[in-house]
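Be aware that the sequence shown starts at 5, since it is given in the numbering used here, and climbs by one per residue. Take a look at the structure below.
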Amino acid sequence: MDLSEFRRRLGAEPDSRAEDLRAARRAGPEFEAAAAAAERFEARLRDALDVPPPAGLIDELRKLPARRARRRWPVALAAGLLLLVSAAGVVWQLQPAWDSVEDYVVAHYRHDGPLLLARLGTAEPARTRSLLAEFDLDAAPALADIIGVIKVCPTPDGRGIHMVLNTRTGPLTVIYMPRTAVTDGERLAFDDLEAMLVELPSGSAAVIGHRVENYYALVHDSLRPLAGGS
Numbered sequence: 005m006d007l008s009e010f011r012r013r014l015g016a017e018p019d020s021r022a023e024d025l026r027a028a029r030r031a032g033p034e035f036e037a038a039a040a041a042a043e044r045f046e047a048r049l050r051d052a053l054d055v056p057p058p059a060g061l062i063d064e065l066r067k068l069p070a071r072r073a074r075r076r077w078p079v080a081l082a083a084g085l086l087l088l089v090s091a092a093g094v095v096w097q098l099q100p101a102w103d104s105v106e107d108y109v110v111a112h113y114r115h116d117g118p119l120l121l122a123r124l125g126t127a128e129p130a131r132t133r134s135l136l137a138e139f140d141l142d143a144a145p146a147l148a149d150i151i152g153v154i155k156v157c158p159t160p161d162g163r164g165i166h167m168v169l170n171t172r173t174g175p176l177t178v179i180y181m182p183r184t185a186v187t188d189g190e191r192l193a194f195d196d197l198e199a200m201l202v203e204l205p206s207g208s209a210a211v212i213g214h215r216v217e218n219y220y221a222l223v224h225d226s227l228r229p230l231a232g233g234s
């Protein structure tokens, strides 16, 4: 197993105890360093999700009136759902601390990139528009029409959007960061990939894949503030 495949497996199977992964970790210092970095990233995510339930939540739920008895949910289920919603809101405020935007791009891609590439298909246009609109964002048809996967993701400064594009030269990952400043055009290389940072009229983006410079203009010109947005 080479280092690139080892990192991909770490991102896709963070809790795996497979013998081939354990053996690869012992293959050299760069493998050990990659494994340690993946463990730190997973620990940060677990810490962000370790949100204690609000005191007295069950008692408060018991006080809520039920309009129709046959439609009452079990209190424990309702509490669980409210906790889930509350935790989701808190997680975005407890993002793992990355030392730089570049560190974030590498860690984020290694964690989610291979998994989303495996799901690549054709995103539903209505869902794409709806999700973009949550961020007061619009996408020109040249980009919107080739979105194969789209989901909300963490960024260094809150929530953002992770997209995978179906381009003529293969899949391309774009991470939109609505409140993160970058150095426009800065490039970095990791594993067998390249990344380019793009300053946008609203926020920024990281373009990840191969020959990323060919897609700078597409991303820069296509991701625009939604008309009438805030």
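All residues carry an ideal CB built from backbone N, CA and C; glycine is no exception. Source: prediction; values computed, not measured.
- Per the C-alpha coordinates, the member of T159, I165 and R13 positioned closest to S134 is I165.
- Per DSSP, the beta bridge partners of D142 are R228.
- Note on R26: under 16 other CB atoms within 10 angstroms of its CB, so exposed under the neighbour-count rule.
- Cβ neighbours of T126 within its own chain (closer than 7 angstroms, five residues either side excluded): G152.
- Taking the Cα of A209 as reference, the smallest distance to any Cα among S20, A38, L14 and E106 is reached at E106.
- The three-state secondary structure of P175, taken from DSSP, is strand.
- Using a C-beta cut-off of 8 angstroms, the segment 190 to 202 makes no contact with the segment 165 to 174, since fewer than three inter-stretch Cβ pairs fall below that distance.
- When only Cα atoms are considered, V216 and G117 end up about 15 angstroms apart.
- Going by DSSP, A27 is part of no beta strand (DSSP E) but of the alpha helix (DSSP H) stretching over E23 to R29.
- Under DSSP, the beta-bridge partners assigned to Y180 are I165 and A209.
- Listed in chain order, the non-local C-beta contacts of F139 below 6 angstroms within the same chain comprise P182, local neighbours out to five positions each way being set aside.
- Take H224, set aside five residues on each side of it, and the residues of its chain with a beta-carbon closer than 7 angstroms to its own are V202 and L204, in chain order.
- Residue pairing from DSSP places L192 in a beta bridge opposite A199.
- Residue nearest to S8 within the set R44, Y108 and H115 is H115 (criterion: CA-CA distance).
- Residue range I151 to T159 is occupied by the beta strand (DSSP E) that includes V153.
- The beta carbons of T132 and I154 sit closer together than 7 angstroms.
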